[in-house]
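Trainee: Here the protein sequences line up with chains A and B, keeping their order. Okay, so the first sequence: first residue is 4 according to our numbering, each after it adds one. Okay, so the second sequence: first residue is 2 according to our numbering, each after it adds one.
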Amino acid sequence: MKRSKKKARATERLIVLTVLLACAGTGLAQMGSQQGGTSTGGVFAPVHDTNNRPITAGGFVSKGTIVFKDATHESGLDSWRYSSGTPAKKYIVESLGGGVALLDYNNDGWLDIYLVNGMTYDAMSGKAEPPHAALFRNNHDGTFTNVAVQAGVTNDRWGVGVAVGDFDNDGWSDIYVTNISGGNRLYHNNHDGTFTDVAQKAGVALGTWSTGPTFGDYDGDGFLDLFVPGYVSYDFSHPPVARSDQVASNNCLFRGEPVFCGPRGLQGEHDHLFHNNGNGTFTDVSATAGVDDAPGYYGLTSLFADLDGDGKPDLLVANDSTPNYLYQNKGNGKFADVSFESGYAVNGQGRPTATMGIAVGDYLNNGKLDIADTDFSDDYDVLYQNDGPLSYSDVSYPSGIAAPTIPFLGWGAGFIDFDNDGWKDLFIANGHVYPQVDKHDWGTSFAQRPLLFRNMKNGKFSLMPAIEGGGLALVLKARGAAFGDLFNDGKIDVVINNLDGPPTLLRDIDPDHNHWVEFRLIGGPGEPRDAIGASVFLTARGITQRGDVLSGGSFASSNDLRVHFGLGQATRIDRVELTWPGGRKEKVAVPTPDCIYTIEQGHGITGRMCRKGPGK
Amino acid sequence: MFRGLKWLSGICLAVVVVVPLRAQSTGDEVTPAVQRLYAEARTAQQQGDATTAIAKYRAMIRVAPHLAPAYNNLGMLYFNEHDYSKAVPVLEAGLKLNADMSTAVAMLGLSYFELGENLKAEPLLERALRANPADDNLQISLAHVLLAVGKRDDAVQRLNEYLRRNPTDQEAWYLLGKTYLQMSEDALAKVNQIDPNSYVAHEVAGEIDESMKNYDGALVEFKKSVDLAPQQAGTHLRLGNVYWVMGKWQSAQEQFHAELAIAPTDCIARWKLADSILRADGSNAEALVNLNQSIAGCPTLMQARVDRAQALIKLNRQKEALPDLLMAEKDSPDEPTIHFLLASVYRAEGRTDEARQELHTYGELQRQASAAVSERANEEIKEKSQSH
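(1) Anything in chain B within Cβ reach of A/A74, meaning under 8 Å, just list it in chain order.
(2) Can you list the residues of chain B that A/P392 reaches, using a CB-CB cut of under 7 Å?
(3) Taking any Cβ of chain B, which residues in the region 332–345 of chain A have a Cβ under 9 Å from it, in chain order?
(4) What does the alpha-carbon distance come out to for the pair A/P594 and A/L524?
(5) B/K97 by DSSP, collapsed to three states: which one?
(6) In this structure, what does DSSP give as the bridge partners for A/E589?
(7) Find the residues of chain B that neighbour A/P49, judging by a C-beta separation of less than 7 Å, and give them in chain order.
(8) Do A/P326 and A/Y301 have their CB atoms nearer than 8 Å?
(9) What is the C-beta distance between A/N279 and A/D228, in whole angstroms, given that I count them as a contact (C-beta under 8 Å)?
(10) Give the interface partners of B/F363 over in chain A, defined as CB-CB distance under 8 Å, in chain order.
(11) Who are A/M612's beta bridge partners in DSSP?
(12) Would you report the Cα separation of A/G61 and A/P468, rounded to the nearest angstrom?
(13) Please confirm whether any heavy atom of the ligand HEM lies closer than 7 Å to the CB of A/I419.
(14) Could you please give the first and the last residue of the uninterrupted alpha helix (DSSP H) stretch that includes A/L269?
(15) Going by the CB atoms, is the gap between A/S538 and A/G417 shorter than 8 Å?
(16) Say whether chain B places a C-beta atom closer than 8 Å to the C-beta of A/L31.
(17) What does a CB cutoff of less than 8 Å around A/P298 pick up in its chain, not counting 5 residues either side in sequence?
(18) Is the beta carbon of A/L318 sitting closer than 8 Å to the one on A/V294?
(19) Along the chain, which unbroken stretches of the alpha helix (DSSP H) at least 4 residues long are found entirely within the region 60–110 of chain A?
(20) According to DSSP, simplified to helix, strand and coil, what is B/K249?
(21) Pairing CB atoms from the region 541–553 of chain A with CB atoms from the region 565–575 of chain A, are three or more of them under 8 Å?
(22) B/E330 bridges to which residues according to DSSP?
(23) Hey, is the region 333–342 of chain A in contact with the region 363–377 of chain A, meaning 3+ C-beta pairs nearer than 8 Å?
(24) Is the beta carbon of A/Y347 closer than 8 Å to that of A/Y387?
(25) Which chain B residues sit within Cβ distance under 9 Å of A/V436?
(26) List the residues of chain A that B/L147 touches, going by C-beta distances under 7 Å, in chain order.
(27) Given a threshold of 16 other Cβ atoms within 10 Å of its Cβ, counted over all protein chains shown, does B/R306 qualify as buried or as exposed?
(28) Assign B/Q232 to one of two classes, buried (16 or more other C-beta atoms within 10 Å of its C-beta) or exposed (fewer than that).
(29) Give me, in chain order, the residues of the same chain whose beta-carbon lies closer than 8 Å to that of B/Q48; leave out the 5 immediate sequence neighbours on both sides.
(30) Using only CA atoms, which one of A/N254, A/G185, A/T68, A/D397 lies nearest to A/R354?
(31) Taking 8 Å as the CB-CB cut-off, is B/T338 touching chain A?
(32) Since I believe A/V478 is in contact with A/A432 (beta carbons under 8 Å), could you give me their beta-carbon distance rounded to a whole number of angstroms?
(33) Can you tell me whether DSSP reads A/R258 as helix, strand or coil?
(34) Note down, in chain order, every chain B residue with its Cβ under 8 Å from the Cβ of A/P326.
(35) Pick helix, strand or coil for A/L502, following the three-state DSSP scheme.
(36) Do A/N517 and A/N423 have their C-beta atoms within less than 8 Å of each other?
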């Protein structure tokens with residue numbers, strides 16, 4: 004025994020020397036940097052404001068126009084809070100947070116809000132009630148009432164993501180909720196204000212750590228299919244800590260400070276594609292479709308979107324600290340992995356990012372969908388410009404997105420036209436995963452303010468100032484964010500699900516006088532009824548914009564399924580052309596702006612809700 | 002863990018042949034009773050019954066105490082049973098009667114080695130080897146013993162002799178490498194013995210910390226080294242390199258600048274300065290100037306060429322980046338970075354198909370690397386979860 008210990012020590016010493024000698028050479032230029040368990044761009048000098056606060060929790064200005072106001076309290080959303088583990092965030096599972104969905108679950112024409120909740124250890128051990136998810140019904144007067152218990156959608160599992168889709172084409176939105184353990188939920192809408200969890204029966208419960216799902220009809224059979232990314236394999240009875248069995252190597256440090264382990268070093272969970280059989284059940288076709296994520300990358304968010312304009316939804320998967328996926332829909336039930344070929348797998352420096360969220364939108368108004376990804380602090384959020392069929396280039400620096408986002412850790416994101424000028428802006432919700440960052444002068448903070456980039460209409464963005472008292476000056480532990488017109492006023496509001504606290508409702512109060520229009524689409528026979536996958540091309544004053552009906556994206560969240568367009572000063576809409584899921588095209592004459600129109604495939608406008616005057 | 006077990010088992014096989022009883026000077030001891038005991042012992046041995054064989058030889062020695070082969074054979078039985086403490090006195094007794102029994106000498110030496118009595122083992126193995134210089138098993142065993150007694154130079158000589166005859170023996174190569182590493186460790190320890198506060202001592206400590214990825218520790222040591230010898234070439238480079246590895250680009254640049262003030266032609270420092278500038282999103286033009294100088298001094302430094310290509314791409318001079326990238330690709334065709342940059346160049350030049358092909362190659366290389374990492378991680382996790 005004594006001898007073998009001695010030998011072990013000798014071997015250890017020798018290994019040190021071996022490594023030392025190996026280090027004498029110089030490898031080819033490294034393109035990545037690893038800070039513990041996550042991928043970052045390196046270590047950047049801290050940026051402080053005049054009060055010496057990190058710029059992520061400061062940089063406020065006293066004068067200026069407030070474009071988003073904090074409407075959390077007046078809306079009643081602060082009656083609910085998200086809970087997750089303990090404040091110390093000792094384990095990766097506690098720091099991920101949850102998503103939010105905006106949906107009209109009761110078909111009253113007003114958006115309601117679904118907020119995913121986490122879990123506490125007391126609840127897991129039966130000592131306390133589990134934290135419930137929230138379903139806030141829109142009272143049409145600026146307030147909301149939480150009806151989750153009555154609706155039967157409290158989940159009561161450690162939740163992560165949510166996607167909205169009418170999977171059975173009955174005209175009522177259903178909700179899919181992902182969980183870390185215990186199985187996911189597929190809440191079928193009973194049309195009476197209640198839901199029934201049919202996940203087990205439908206075959207989409209899984210039971211492994213699932214994250215940001217997305218609905219889309221990938222095979223064009225008229226029924227929404229479901230994609231569910233997997234994050235890491237997690238065993239609550241043996242949580243990963245430094246040098247534990249669950250950690251492949253020591254990935255439990257950030258800038259030399261001990262933090263929770265992962266995701267690097269932990270075993271990745273695979274992704275799943277569920278084909279909708281059209282009879283209330285689904286079949287897992289991940290492997291045959293070629294999207295099963297064989298390497299086990301750490302998937303966080305996914306989104307079906309027709310990126311190449313061929314009428315078939317392609318698939319984006321944001322992976323944490325591993326290359327992202329871009330799958331091209333081949334139209335035969337299979338996808339081709341063109342992640343690297345398209346330029347989406349890594350950023351423009353050739354480095355995989357710790358991607359948390361995805362925003363998709365045509366910010367250049369050229370008819371092509373661009374992509375914005377949020378990622379870790381000490382790294383820039385990436386703006387991928389669509390250069391042609393499934394070819395993207397990183398334009399983060401020239402567009403002005405990169406530099407300001409470096410200290411921030413981004414999550415939910417969306418291309419929204421907050422000022423209705425006809426050009427999509429970019430909103431990013433932020434918050435760090437390590438509470439320890441507040442103890443160091445690293446230029447970042449645990450709670451962070453959101454960022455709003457205004458589209459300068461020339462391929463560049465300008466960061467909107469954080470006016471004191473406004474929504475952009477709120478310092479939040481933000482995670483999921485969903486975007487939509489909560490008040491049917493033609494303005495895009497934001498709901499953010501915050502870690503260990505109440506959510507935030509940012510109401511768009513930009514004082515512009517621009518016109519707008521919104522479309523609620525209803526698919527026809529052979530198409531998903533909620534028209535997920537449809538694209539709308541709108542032309543006004545010589546500019547053609549594109550809007551898409553998408554479910555999923557942001558971070559583990561789901562946005563308003565209605566398509567919104569800002570029209571600037573245009574009082575006339577020259578042309579609206581729709582591409583329905585599957586590729587069928589239809590032109591619709593839209594009489595006036597400042598209305599929310601319902602368009603049914605083949606029947607044109609079948610309903611409208613208009614407001615007097617522009618955007619107020 | 003494997004400490005010569007293969008060779009030891011080889012030795013066992015080599016001596017398993019029982020020495021026949023022959024009349025020595027005390028030939029009259031080979032009586033019919035002794036011959037019967039010998040026959041019974043051999044039978045027991047052939048049946049794998051070592052206990053009976055040992056009993057027979059012990060009985061034989063009682064009636065024929067001067068019969069050296071009996072001691073040899075009894076010692077061999079103990080040796081094969083790994084009962085070295087019993088083998089030693091028996092073999093010693095036999096060698097007193099007949100010092101020329103080379104197998105007994107070898108077994109005695111190996112028994113001492115197994116008992117950790119290396120000083121006693123060494124002369125015996127040397128002697129056995131002199132008697133049989135071509136015996137590889139003895140050679141390698143002696144090398145082990147020499148290492149154990151700290152005679153590393155002699156061990157290296159023995160190992161090299163052995164490896165000349167057995168050039169494909171991986172374990173022997175490993176042992177030789179390990180020995181060299183131990184010698185290297187000894188040499189580095191001398192640095193500390195001479196003056197633990199010298200700049201060299203801190204450099205050594207820093208390099209060990211760096212090799213263990215203890216970068217904070219390495220920074221402390223390298224800073225001390227710089228403080229002690231600020232004008233010594235190499236000190237700033239080492240400190241700067243740790244900053245570089247940690248991604249602290251500004252600090253790295255300061256140190257590389259300081260290094261270049263001392264050694265302006267150091268192409269590594271020049272390259273790393275430029276690389277730090279590029280990574281910090283500093284001036285591409287400044288990076289380019291340094292990269293040009295680095296490559297002028299070290300034209301085969303491919304890292305500098307790749308960085309120069311990166312700088313040129315950032316300066317929208319993609320066409321000029323192509324020669325460096327093609328050269329680097331030739332040198333390291335499996336380096337993904339180069340293909341990624343080539344794709345950027347081709348894309349800028351409108352060579353879409355070539356750009357896509359390079360991205361495809363880049364993707365394939367990344368996927369392979371990723372699969373390897375994933376497989377390795379899974380193996381590690383599996384191994385850790387299965388061990389108790």
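Built from N, CA and C at the ideal position, the CB exists for glycine as well.
Mentor: Looking at the coordinates:
(1) To locate residue 74 of chain A, count along the first sequence from 1; it is residue 71. Contact annotation for A/A74 against chain B: no contact, minimum CB-CB distance about 38 Å [criterion: below 8 Å].
(2) The residue labelled residue 392 of chain A in the question sits at position 389 within the first sequence. At a C-beta separation below 7 Å, A/P392 has no neighbours in chain B, since its nearest C-beta there lies roughly 10 Å away.
(3) Look at the region 332–345 of chain A: the residues with a C-beta under 9 Å from a C-beta of chain B are D340, V341, S342, F343, E344, S345.
(4) The residue you call residue 594 of chain A lines up with position 591 of the first sequence. The residue you call residue 524 of chain A lines up with position 521 of the first sequence. Approximately 17 Å, taken between the alpha carbons.
(5) Locating residue 97 of chain B in the second sequence gives position 96, where the first residue counts as 1. Three-state DSSP puts B/K97 in a helix.
(6) Translated into positions along the first sequence, residue 589 of chain A becomes position 586. Bridge partners of A/E589: A/L581.
(7) As a working mapping, residue 49 of chain A is identified with position 46 in the first sequence. Here the premise fails: no neighbours, minimum Cβ distance about 11 Å.
(8) Locating residue 326 of chain A in the first sequence gives position 323, counting from the first residue. Locating residue 301 of chain A in the first sequence gives position 298, counting from the first residue. No, Cβ-Cβ distance for A/P326 and A/Y301 is not below 8 Å.
(9) For the purposes of this step, residue 279 of chain A is taken as residue 276 along the first sequence, with counting starting at 1. For the purposes of this step, residue 228 of chain A is taken as residue 225 along the first sequence, with counting starting at 1. Sure, about 5 Å apart at Cβ, within 8 Å.
(10) Numbered from 1 along the second sequence, position 362 holds the residue referred to as residue 363 of chain B. The residue you asked about is not Phe; residue 363 of chain B is Tyr in the sequence shown. The CB of B/Y363 comes closer than 8 Å to the CB of F343, G353 in chain A, given here in chain order.
(11) The residue given as residue 612 of chain A occupies position 609 in the first sequence. When DSSP reads this structure, A/M612 sits in a beta bridge with A/I599.
(12) Walking along the first sequence from the start, residue 61 of chain A turns up at place 58. Walking along the first sequence from the start, residue 468 of chain A turns up at place 465. Here the alpha carbon of A/G61 sits roughly 11 Å from the alpha carbon of A/P468.
(13) Inclusion of the ligand HEM in the displayed structure is not the case, the ligand content being empty and no account of it being possible.
(14) Reading the first sequence from its first residue, position 266 is the one you call residue 269 of chain A. Where A/L269 is concerned, there is no enclosing alpha helix (DSSP H), given that its DSSP letter is neither H nor E.
(15) If you number the first sequence from 1, residue 417 of chain A lands on position 414. If you number the first sequence from 1, residue 538 of chain A lands on position 535. Cβ distance not < 8 Å, so A/G417 and A/S538 don't count as in contact.
(16) Within the first sequence, residue 31 of chain A is the residue found at index 28, counting from 1. Reliability fails at A/L31, whose pLDDT of 41 lies under 50, so the model's placement of it is uncertain and the value that follows must be treated cautiously. Closer than 8 Å: yes.
(17) For the purposes of this step, residue 298 of chain A is identified with residue 295 of the first sequence, where counting begins at 1. For A/P298, where only same-chain residues beyond five positions count, the Cβ hits under 8 Å are G271, T325.
(18) What you label residue 318 of chain A is simply residue 315 of the first sequence in a count that begins at 1. What you label residue 294 of chain A is simply residue 291 of the first sequence in a count that begins at 1. In terms of Cβ geometry, A/L318 and A/V294 form a close pair [threshold 8 Å].
(19) Entirely contained in the region 60–110 of chain A, the alpha helix (DSSP H) runs reaching 4 residues are, in chain order, 75–78.
(20) On the second sequence, position 248 is the one that residue 249 of chain B refers to. Secondary structure of B/K249 (DSSP, three-state): strand.
(21) Per the Cβ contact rule, the region 541–553 of chain A is in contact with the region 565–575 of chain A (3 or more Cβ pairs under 8 Å).
(22) If you number the second sequence from 1, residue 330 of chain B lands on position 329. Looking at the DSSP output, B/E330 bridges to nothing.
(23) By the Cβ test, the region 333–342 of chain A is not in contact with the region 363–377 of chain A, since fewer than three Cβ pairs between them sit closer than 8 Å.
(24) For the purposes of this step, residue 387 of chain A is taken as the residue at position 384 of the first sequence. For the purposes of this step, residue 347 of chain A is taken as the residue at position 344 of the first sequence. Result yes, Cβ atoms of A/Y387 and A/Y347 sit closer than 8 Å.
(25) Against the first sequence, residue 436 of chain A aligns to sequence position 433. Contact of A/V436 with chain B by beta-carbon distance below 9 Å is absent, the smallest such distance being about 19 Å.
(26) As a working mapping, residue 147 of chain B is identified with position 146 in the second sequence. Neighbours of B/L147 across chain A, judged by C-beta separation under 7 Å, do not exist; the nearest C-beta is about 16 Å away.
(27) In the second sequence, counting from the first residue as 1, residue 306 of chain B sits at position 305. Residue burial is scored here from C-beta neighbours: B/R306 has at least 16 other C-beta atoms within 10 angstroms and is therefore classed as buried.
(28) Counted from its first residue, the second sequence places residue 232 of chain B at position 231. The residue is exposed, with fewer than 16 neighbouring Cβ atoms inside 10 Å.
(29) Working through the second sequence from its first residue, we reach residue 48 of chain B at position 47. Hits under 8 Å: none found.
(30) Locating residue 354 of chain A in the first sequence gives position 351, counting from the first residue. Sorting A/N254, A/G185, A/T68, A/D397 by C-alpha distance to the C-alpha of A/R354 places A/D397 at the top.
(31) Within the second sequence, residue 338 of chain B is the residue found at index 337, counting from 1. B/T338 has a beta carbon lying within less than 8 Å of a beta carbon in chain A.
(32) Locating residue 432 of chain A in the first sequence gives position 429, counting from the first residue. Locating residue 478 of chain A in the first sequence gives position 475, counting from the first residue. Between A/V478 and A/A432 the Cβ distance is about 12 Å, and since that is not below 8 Å, they are no contact.
(33) As a first step, residue 258 of chain A must be located in the first sequence, where it is residue number 255. DSSP places A/R258 outside both helix and strand once states are collapsed to three, so it counts as coil.
(34) Residue numbering aside, residue 326 of chain A sits at position 323 when the first sequence is read from its first letter. Result: Q367, S371.
(35) Counting from one through the first sequence, the residue named residue 502 of chain A turns up at place 499. Coil at A/L502, not helix or strand.
(36) On the first sequence, position 514 is the one that residue 517 of chain A refers to. On the first sequence, position 420 is the one that residue 423 of chain A refers to. For A/N517 and A/N423, yes; Cβs fall inside 8 Å.
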